[in-house]
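A short worksheet on the structure shown next.
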């Protein structure tokens with residue numbers, strides 16, 4: 002079989018320019034989140050398959066890269082079910098591993114615990130712009146904090162981070178799973194069908210209100226669907242969270258818990274008054290988020306240049322309890338790292354600071370005795386703050402410079418083996 006020089010479908014090699022931007026953005030993320038008191042942790046890339054297939058991961062549970070049993074544990078000739086041959090899976094997010102981590106180490110961690118994770122995850126899905134099968138996630142989570150202080154801190158920390166990377170005029174869309182359930186209950190949908198209904202609702206931005214109505218009417222009474230969608234029609238001009246929630250309190254009556262509405266309005270007030278970044282907090286009653294483990298507030302980042310979600314999160318108070326038998330309040334926010342990097346690359350983003358990038362091009366026959374002097378000169382320039390690349394001069398010097406310029410090198414110093422002049426700068 003011939004060797005392939007291309008990466009596996011849905012995965013990619015990262016070239017130097019992109020890696021430089023990734024390092025820069027990662028640095029901002031770590032510095033910002035640490036300033037908010039989040040502590041870095043790390044979890045393994047693989048989890049027990051039972052942890053990943055616990056009916057809380059939504060559609061992502063269909064996208065698990067599963068790992069075959071190994072050695073004497075693998076009996077392909079007698080296997081009858083998937084459980085006979087699979088025991089591990091590659092993590093599809095960082096939330097499930099974090100919940101297991103917290104359940105395992107809770108006695109050794111402060112309460113509440115503010116976790117920061119940056120790591121690769123894997124999903125066996127169809128690839129498209131900004132979506133890969135291996136990608137980096139950047140998550141912050143607060144575990145052990147039942148109040149809406151967790152949501153407020155997560156939104157402020159994440160928006161501060163996005164702003165410091167360089168984005169402006171973006172949106173944080175916010176909703177509440179209990180509001181979604183209250184609206185469905187008010188319309189008359191059976192509680193057992195809520196997840197399927199929300200999956201259809203989540204397609205609103207792609208198929209529109211009429212498309213959602215058509216899909217729902219395939220399985221439910223027209224009157225129930227019409228009653229449900231009338232709520233969304235009435236909310237279409239109420240982007241302000243307080244206006245939207247007040248409307249739902251009046252429309253839904255006893256179906257909506259006033260405490261849920263009060264908490265959501267408190268989040269909006271605190272975030273709007275304390276924010277650093279240039280963004281708008283928008284109430285989006287169609288926001289669902291794909292994970293069925295969400296139990297309360299949910300939110301999503303929308304950057305105009307991308308036209309879709311660039312991150313999101315929410316409250317998941319039941320997940321840790323799956324490991325311990327006791328519910329633990331938990332809330333998290335994940336930045337869409339790969340999509341942000343893609344936007345920066347497309348905008349020809351240049352990493353600021355770091356001194357000049359200078360390339361020292363040394364003639365191939367340059368003697369070692371003189372080369373030592375060049376090395377010392379490069380060292381002095383580095384100590385002064387410059388980034389100095391020392392390389393042999395290619396035969397096609399013009400093409401070599403073009404390649405280096407594409408990598409951000411702005412000055413070239415050439416060294417030749419001749420008495421009258423050893424170097425020239427261009």
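Numbering (this note's numbering), first residue to last: 2 to 427. Glycine included, C-beta positions come from ideal geometry on N, C-alpha and C.
Within 9 Å, strictly: CB atoms of residue i and residue j
i, j, result
"residue 240", "residue 283", "yes"
"residue 339", "residue 132", "yes"
"residue 409", "residue 126", "no"
"residue 413", "residue 363", "no"
"residue 135", "residue 336", "no"
"residue 236", "residue 214", "no"
"residue 256", "residue 187", "yes"
"residue 181", "residue 168", "no"
"residue 163", "residue 265", "no"
"residue 140", "residue 334", "yes"
"residue 146", "residue 297", "no"
"residue 51", "residue 321", "no"
"residue 37", "residue 161", "yes"
"residue 68", "residue 341", "no"
"residue 360", "residue 396", "no"
"residue 92", "residue 33", "no"
"residue 29", "residue 208", "no"
"residue 42", "residue 118", "yes"
Residue from the options whose Cα sits closest to the Cα of residue i
i, options, result
"residue 232", "271, 267, 265, 189", "189"
"residue 142", "124, 134, 113", "113"
"residue 324", "309, 97, 180", "97"
"residue 259", "270, 247, 268, 269", "247"
"residue 88", "54, 375, 118", "54"
"residue 250", "42, 122, 179, 220", "179"
"residue 150", "109, 272, 187, 234", "272"
"residue 386", "160, 357, 302, 205", "357"
"residue 253", "355, 183, 398, 3", "183"
"residue 110", "69, 120, 144", "144"
"residue 63", "354, 115, 123, 104", "123"
"residue 279", "302, 296, 285", "302"
"residue 242", "217, 305, 268, 402", "268"
"residue 354", "388, 372, 332", "388"
"residue 210", "291, 404, 226", "226"
One or two residues paired with residue i in a DSSP bridge
i, result
"residue 41", "117"
"residue 140", "118, 335"
"residue 434", "Residue 434 lies beyond the range of the chain shown here (2 to 427); nothing can be said about it."
"residue 75", "DSSP, once it has assigned bridges, lists no residue as partnering residue 75."
"residue 174", "283, 301"
"residue 193", "Residue 193 pairs with nothing; no bridge assigned."
"residue 215", "Note: residue 215 sits in no beta bridge, so no partner."
"residue 110", "Per DSSP, none; premise fails for residue 110."
"residue 388", "358"
"residue 97", "Answer is none; residue 97 lacks a bridge partner."
"residue 393", "363"
Residue i, buried or exposed, once every other Cβ within 10 Å from all chains shown has been counted against 16
i, result
"residue 344", "buried"
"residue 40", "exposed"
"residue 368", "exposed"
"residue 314", "buried"
"residue 422", "Low per-residue confidence applies at residue 422: pLDDT is 49, beneath 50, and the placement is therefore not dependable enough to give any value."
"residue 155", "buried"
"residue 244", "exposed"
"residue 129", "exposed"
"residue 293", "buried"
"residue 101", "buried"
"residue 275", "exposed"
"residue 224", "exposed"
"residue 365", "exposed"
"residue 171", "buried"
"residue 194", "exposed"
"residue 14", "exposed"
"residue 427", "Confidence in residue 427 is poor, its pLDDT being 48 and thus under 50, which makes the residue's placement unreliable; the coordinate value appears in the next sentence. Answer is exposed; the Cβ neighbour count stays below 16."
"residue 376", "exposed"
"residue 289", "buried"
Residue interval of the alpha helix (DSSP H) (run including residue i)
i, result
"residue 281", "Residue 281 -> not in any alpha helix (DSSP H); beta strand (DSSP E) instead, spanning 280–284."
"residue 271", "259–275"
"residue 129", "Per DSSP, residue 129 belongs to no alpha helix (DSSP H) and is neither H nor E."
"residue 378", "369–384"
"residue 322", "322–325"
"residue 232", "223–236"
"residue 245", "242–253"
"residue 26", "17–36"
Residue interval of the beta strand (DSSP E) (run including residue i)
i, result
"residue 404", "Looking at the DSSP string, residue 404 is not in any beta strand (DSSP E); the run it does join, the alpha helix (DSSP H), is 398–407."
"residue 360", "358–363"
"residue 180", "Residue 180 -> not in any beta strand (DSSP E); alpha helix (DSSP H) instead, spanning 178–188."
"residue 124", "Looking at the DSSP string, residue 124 is not in any beta strand (DSSP E), and its letter there is neither H nor E."
"residue 315", "309–316"
"residue 69", "67–69"
Cβ of residue i within 9 Å of any chain D Cβ
i, result
"residue 336", "The structure shown contains no chain D; it is built from a single protein chain."
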